[in-house]
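J.: Take the sequence shown: its position 185, counting from 1, is numbered 187 in this note's numbering, and each next residue is one higher.
Submitted below is the structure of interest, expressed as structure tokens.
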Amino acid sequence: MEPVTLNFAMTREDFTNGAAARLKMQTGGTYRAVTRLAGAALILTGCVLFAFHFTAGRPVQWLAGLCAVFGAFLLFLGLQVEETAVRRMASARFEKGLCGVAAQEVVFREDGAEFRSERYEAKIPYEMFYAAYADETTVLLCTASDESRIIPKRTMSLEEQERVEHLLAAKLNRKFKQEGAREWTK
Numbered sequence: 003m004e005p006v007t008l009n010f011a012m013t014r015e016d017f018t019n020g021a022a023a024r025l026k027m028q029t030g031g032t033y034r035a036v037t038r039l040a041g042a043a044l045i046l047t048g049c050v051l052f053a054f055h056f057t058a059g060r061p062v063q064w065l066a067g068l069c070a071v072f073g074a075f076l077l078f079l080g081l082q083v084e085e086t087a088v089r090r091m092a093s094a095r096f097e098k099g100l101c102g103v104a105a106q107e108v109v110f111r112e113d114g115a116e117f118r119s120e121r122y123e124a125k126i127p128y129e130m131f132y133a134a135y136a137d138e139t140t141v142l143l144c145t146a147s148d149e150s151r152i153i154p155k156r157t158m159s160l161e162e163q164e165r166v167e168h169l170l171a172a173k174l175n176r177k178f179k180q181e182g183a184r185e186w187t188k
């Protein structure tokens, strides 16, 4: 296979998209399902408390309203607010210059990925990656649980995106997750 070579400079949008992708990777389907179930349970608790208020005459309408409001927040807005907060924090880090080296080169070869920048150079075999994640804007290559390399998809053509994603899926197996991809489509 011919290597895929990417040269790019990190922009604020790339950095914030990478932070959002890291959040999505770390908060998988179970976290999202539990958050939504907790919201639905709080709304249901609020409804039961309202019914209890009207049938038993107990003054618990304030607690019922509080449960309903927090439940609606968790059910409809919780994940979006979390992503917005992560994006704002990443934007602030980018403004302070804490995003690392801006210009870099990444080469995807059959046996591993190479990273080059003005202060960093490494060739990492695919077996050494902790995890990899791809969504609609970003490919994340995690070298440790708390360290990842952001590769913006805007730097790749559609053919290069497919080649990189197929290579990562083949080499990393279950360590590679794609947002929106189903098992039967791989």
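Where is the CB? At the ideal position from N, CA and C, for every residue including glycine.
(1) Can you round the beta-carbon distance between Ala-104 and Met-12 to whole angstroms, since I take them to be within the 8 Å contact cut?
(2) Quick check: the Cα distance between Phe-72 and Pro-61, rounded to an integer number of angstroms?
(3) Please report how far the alpha carbon of Asn-175 lies from the alpha carbon of Ser-147, in whole angstroms.
(4) Does the separation of the CB atoms of Ala-35 and Asp-137 fall below 7 Å?
(5) If you drop the 5 nearest sequence neighbours on each side, which residues of the same chain put their C-beta closer than 7 Å to that of Met-3?
(6) For Ser-150, count the other beta carbons within 10 Å of its own beta carbon; 16 or more makes it buried, fewer makes it exposed. Which is it?
(7) Given a cut-off of 7 Å on the beta-carbon distance, is the pair Phe-131 and Val-166 in contact?
(8) Got a sec? Which residues, its chain only, sit under 7 Å from Thr-47 by beta carbon, not counting five neighbours each side?
(9) Under DSSP, the beta strand (DSSP E) around Asn-19 begins and ends at which residues?
(10) Roughly how many angstroms separate the alpha carbons of Lys-26 and Thr-57, rounded to a whole number?
(11) Buried or exposed: where does Pro-5 fall if 16 or more other Cβ atoms within 10 Å of its Cβ makes it buried?
T.: According to the data block:
(1) In the sequence shown, counting from the first residue as 1, residue 104 sits at position 102. In the sequence shown, counting from the first residue as 1, residue 12 sits at position 10. Beta-carbon to beta-carbon, Ala-104 and Met-12 are separated by about 5 Å, close enough to satisfy the 8 Å threshold.
(2) On the sequence shown, residue 72 is found 70 positions in, with the first residue counted as 1. On the sequence shown, residue 61 is found 59 positions in, with the first residue counted as 1. Rounded to whole angstroms, the separation of the alpha carbons of Pro-61 and Phe-72 is 19 Å.
(3) Counting from one through the sequence shown, the residue named residue 175 turns up at place 173. Counting from one through the sequence shown, the residue named residue 147 turns up at place 145. Approximately 17 Å, taken between the alpha carbons.
(4) Taking the sequence shown and counting its residues from 1, one reaches residue 35 at position 33. Taking the sequence shown and counting its residues from 1, one reaches residue 137 at position 135. In this structure, Asp-137 does not lie closer than 7 Å to Ala-35 by Cβ.
(5) Position 1 of the sequence shown, counted from the first residue, corresponds to residue 3. Around Met-3: Glu-112.
(6) Here residue 150 refers to the residue found at position 148 when the sequence shown is read from its first residue. Under this definition Ser-150 is a buried residue.
(7) As a first step, residue 131 is located in the sequence shown; it is residue number 129 there, counting from the start. As a first step, residue 166 is located in the sequence shown; it is residue number 164 there, counting from the start. Contact flag unset, no.
(8) Taking the first residue of the sequence shown as 1, we reach residue 47 at position 45. Answer for Thr-47: Cys-69, listed in chain order.
(9) As a first step, residue 19 is located in the sequence shown; it is residue number 17 there, counting from the start. Element bounds for Asn-19: not the beta strand (DSSP E) but the alpha helix (DSSP H), 14–28.
(10) The count along the sequence shown starts at 1 and reaches residue 26 at position 24. The count along the sequence shown starts at 1 and reaches residue 57 at position 55. Cα to Cα, Lys-26 sits roughly 43 Å from Thr-57.
(11) By 1-based counting over the sequence shown, the position of residue 5 is 3. Burial call: exposed.
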